[in-house]
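J.:
Residue numbers (the numbering used here), protein chains in the order written: chain D, 1 to 114; chain B, 115 to 227.
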């Protein structure tokens, strides 16, 4: 079974631009969560989508948004990029009905904002 | 608010020594606890998951214990190898909070040949 995939793997943007990241979960998984990882703040939860609905949201500004499609693939969008948005963005998928609710992570998208 | 702490932040051991990594959490109302490994610039690899009703889980040289009442988990790696060098993260899943994981800051491990 294929793992969680994320595209693109690397991105370079300039301040003020917007960016869209994509995440394809493990087949059959309906929950997709997004995390931001920076050296200073560690791993922080952005939001979770389940069955095309946002179920949880972290403490990030409204510039960060996401959505989930009917095939469970998810996208996150960051508008008006700031230098501080430079980070590794990770998505995780979960069966969410399975007994253990294990989270499986993708390889991440590294975003550099100049 | 759930807080997860990992001490020490970094650890260096000679090859062959056993590794002991600690994780503590403030709210015992957890659904499970997962240990992950992260290599530099990479994603997270799940190592072990312990349900809240379990005391320990084992996989090969790895053993993780959970003491929910004291808010602690320990990851043991037996007979460490240079390939074990990585950052190890623990994360808890809180009941009735969807799939939001709360992570510790990680322990960076270096196993010297």
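We put the CB at the ideal spot given by N, CA and C, even for glycine.
Take the Cβ of residue 69 of chain D as the centre, count every other Cβ of all protein chains shown within 10 Å, and call the residue buried at 16 or more, exposed below.
T.: Here residue 69 of chain D refers to the residue found at position 69 of the first chain. So residue 69 of chain D ends up on the exposed side.
J.: At least one CB of chain B closer than 8 angstroms to the CB of residue 103 of chain D: is that the case?
T.: Reading the first chain from its first residue, position 103 is the one you call residue 103 of chain D. It does: the Cβ of residue 103 of chain D has a partner Cβ on chain B nearer than 8 angstroms.
J.: Contact check, residue 103 of chain D vs residue 120 of chain B under 8 angstroms by CB: the rounded distance?
T.: Position 103 of the first chain, counting from 1, holds the residue named residue 103 of chain D. Position 6 of the second chain, counting from 1, holds the residue named residue 120 of chain B. Not quite, the Cβ-Cβ distance comes to about 18 angstroms (not below 8 angstroms), so this is no contact.
J.: Output the distance between the C-alpha atoms of residue 89 of chain D and residue 4 of chain D, rounded to the nearest integer angstrom.
T.: Counted from its first residue, the first chain places residue 89 of chain D at position 89. Counted from its first residue, the first chain places residue 4 of chain D at position 4. Approximately 13 angstroms, taken between the alpha carbons.
J.: Please go through the same chain and pick out, in chain order, the residues whose beta-carbon is closer than 6 angstroms to the beta-carbon of residue 110 of chain B, but skip the five residues on each side of it.
T.: The requested residue 110 of chain B does not occur in the structure, where chain B is confined to residues 115 to 227.
J.: Can you check DSSP and say which residues form a bridge with residue 129 of chain B?
T.: In the second chain, residue 129 of chain B corresponds to position 15, counting from 1. DSSP output for residue 129 of chain B lists no bridge partner at all.
J.: Could you tell me if residue 220 of chain B is buried or exposed, where buried requires 16 or more neighbouring beta carbons within 10 angstroms of its beta carbon?
T.: On the second chain, position 106 is the one that residue 220 of chain B refers to. With 16 or more Cβ atoms within 10 Å of its Cβ, residue 220 of chain B is classed as buried.
J.: Identify the residues that DSSP records as bridge partners of residue 164 of chain B: which are they?
T.: Counted from its first residue, the second chain places residue 164 of chain B at position 50. Bridge partners of residue 164 of chain B: B/147.
J.: So, helix, strand or coil for residue 141 of chain B, using DSSP?
T.: Along the second chain, read from residue 1 onward, the residue named residue 141 of chain B stands at position 27. DSSP places residue 141 of chain B in coil when its eight states are reduced to three.
J.: What three-state label does DSSP hand residue 66 of chain D in the structure shown?
T.: One-based indexing of the first chain puts residue 66 of chain D at position 66. Correct three-state label for residue 66 of chain D: strand.
J.: Answer with buried or exposed for residue 59 of chain D, where buried requires no fewer than 16 other C-beta atoms within 10 angstroms of its C-beta.
T.: Here residue 59 of chain D refers to the residue found at position 59 when the first chain is read from its first residue. Counting Cβ neighbours within 10 Å, residue 59 of chain D comes out exposed, since fewer than 16 surround it.
J.: Any Cβ of chain B within less than 8 angstroms of the Cβ of residue 45 of chain D?
T.: Numbered from its first residue, the first chain carries residue 45 of chain D at position 45. Answer yes: the Cβ-Cβ gap between residue 45 of chain D and chain B drops below 8 angstroms somewhere.
J.: Let me see if you follow: with CB-CB separation under 8 angstroms, is residue 83 of chain D close to chain B or not?
T.: The residue you call residue 83 of chain D lines up with position 83 of the first chain. Chain B, which has no Cβ nearer than 8 angstroms to the Cβ of residue 83 of chain D, makes this no.
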